[in-house]
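Student: Have a look at this one before I ask anything.
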Amino acid sequence: MVYYHSQDLSANMNSRKEKILNLVIENYIANAEPVGSKFLVTNTNLELSEATVRNELRALEDEGYLTHPHTSAGRIPTEKGYKYYIKNLNLAKSQISKNDGKVLANSLDKNSDHELAFKHMAKTMVELSNETVVIAFSPENIYYTGLSNLFNKPEFDQLSLVAGVSEMFDHCEENLEGFFEKVDINPQYFIGNEHPFGEMLSIVSMRFGKDGLVAILGPKRMDYKYNFGLMKKLLELI
């Protein structure tokens, strides 16, 4: 099963740096705030001095896995950092709760009209993931829902960013045309420029049926473990 579509990522990454990188990414996913050495020492089980953590953060930034906003001393992940993180997640064990699984299963009424059933299911996925969902029944027949989730994220506090992503969705059919060929029947991730919806976003997507495609879209700060588990559950249901 293919989990992540990307080139191999070679790195001189020891276990301590990897742990710190994972902690930065997971805390940034949860809080949308840059993560600094003091926060990591105070709020995690690293058991390292603040000076040591600060040096490792600097090394991770020098190697391109982290960066820092001009207005903060804390770090945030780069696209390279996210790719490394996703590649090393044990996505085979990602799963949603039994309750969320039941909610998703109940949303897909296979006795109703095929497209209406999938649209209802997409709205449920939006509620569960707090992301945006695209369902393509074919390259010319596309439905999306949950854009308000995307635009309410801190990443989109500037109108120019909202306008740019909105334009991508206005041309959804053209943007997805070449994307179908990249997507597998099993869930997989596409980060930044690997997909047609703009470098600020990540996508987990899979094919279904003869011409269908489903995708969860969110900022690169999305909850990768949960969204992959949600897509895996959907794969079981359809």
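Per our numbering, the very first residue in the sequence shown carries number 12; after that it's consecutive. All residues carry an ideal CB built from backbone N, CA and C; glycine is no exception. Computed from a predicted model, the values in this text were never measured in an experiment.
Are three or more beta carbon pairs between the stretch 155-163 and the stretch 171-182 nearer than 8 Å?
Tutor: yes
Student: Determine the extent of the beta strand (DSSP E) in which residue 107 is found, giving its start and end residues.
Tutor: Residue 107 -> no beta strand (DSSP E), and no H or E assigned at all.
Student: Can you give me the C-alpha to C-alpha distance between residue 29 and residue 46, rounded to a whole angstrom?
Tutor: The straight-line gap from Cα to Cα measures roughly 15 Å.
Student: Under the assumption that residue 195 contacts residue 218 (Cβ atoms under 8 Å), give the Cβ distance between them as a whole number of angstroms.
Tutor: 7 Å
Student: Does the stretch 233-241 touch the stretch 107-119, meaning 3 or more C-beta pairs lie closer than 8 Å?
Tutor: yes
Student: For the 8 Å Cβ check, are there 3 or more pairs between the stretch 144-161 and the stretch 32-44?
Tutor: no
Student: Which same chain residues end up closer than 6 Å to residue 167 when comparing Cβ atoms and leaving out the 5 residues on each side of it in sequence?
Tutor: 173
Student: Go ahead and pull the three-state DSSP assignment for residue 190.
Tutor: Here residue 190 sits in coil by DSSP.
Student: What does the alpha-carbon distance come out to for the pair residue 234 and residue 40?
Tutor: 6 Å
Student: Distance, Cα to Cα, residue 228 vs residue 192?
Tutor: 18 Å
Student: Kindly confirm or deny that the stretch 91-106 and the stretch 71-80 touch, where touching means at least three C-beta pairs closer than 8 Å.
Tutor: yes
Student: Please state the DSSP three-state secondary structure of residue 156.
Tutor: strand
Student: Where DSSP assigns a beta bridge to residue 62, which residues make up the other side?
Tutor: Bridge partners of residue 62: none, in fact.
Student: Is it the case that the stretch 58-69 contacts the stretch 95-103, given that we only count it when at least three CB pairs across the two stretches are under 8 Å?
Tutor: no
Student: Give the range of the alpha helix (DSSP H) segment to which residue 232 is assigned.
Tutor: Taken as a continuous stretch (DSSP letters only), residue 232 belongs to no alpha helix (DSSP H), as it is neither H nor E.
Student: Distance, Cα to Cα, residue 120 vs residue 84?
Tutor: It is roughly 50 Å from the alpha-carbon of residue 120 to the alpha-carbon of residue 84.
Student: In angstroms, rounded to a whole number, what distance separates the CA positions of residue 32 and residue 244?
Tutor: 28 Å
Student: Measuring straight from C-alpha to C-alpha, what distance separates residue 17 and residue 202?
Tutor: Its pLDDT being 47, under 50, residue 17 is placed unreliably by the model, and nothing is read from it.
Student: When you compare only the Cα positions, how much space is there between residue 134 and residue 144?
Tutor: 8 Å
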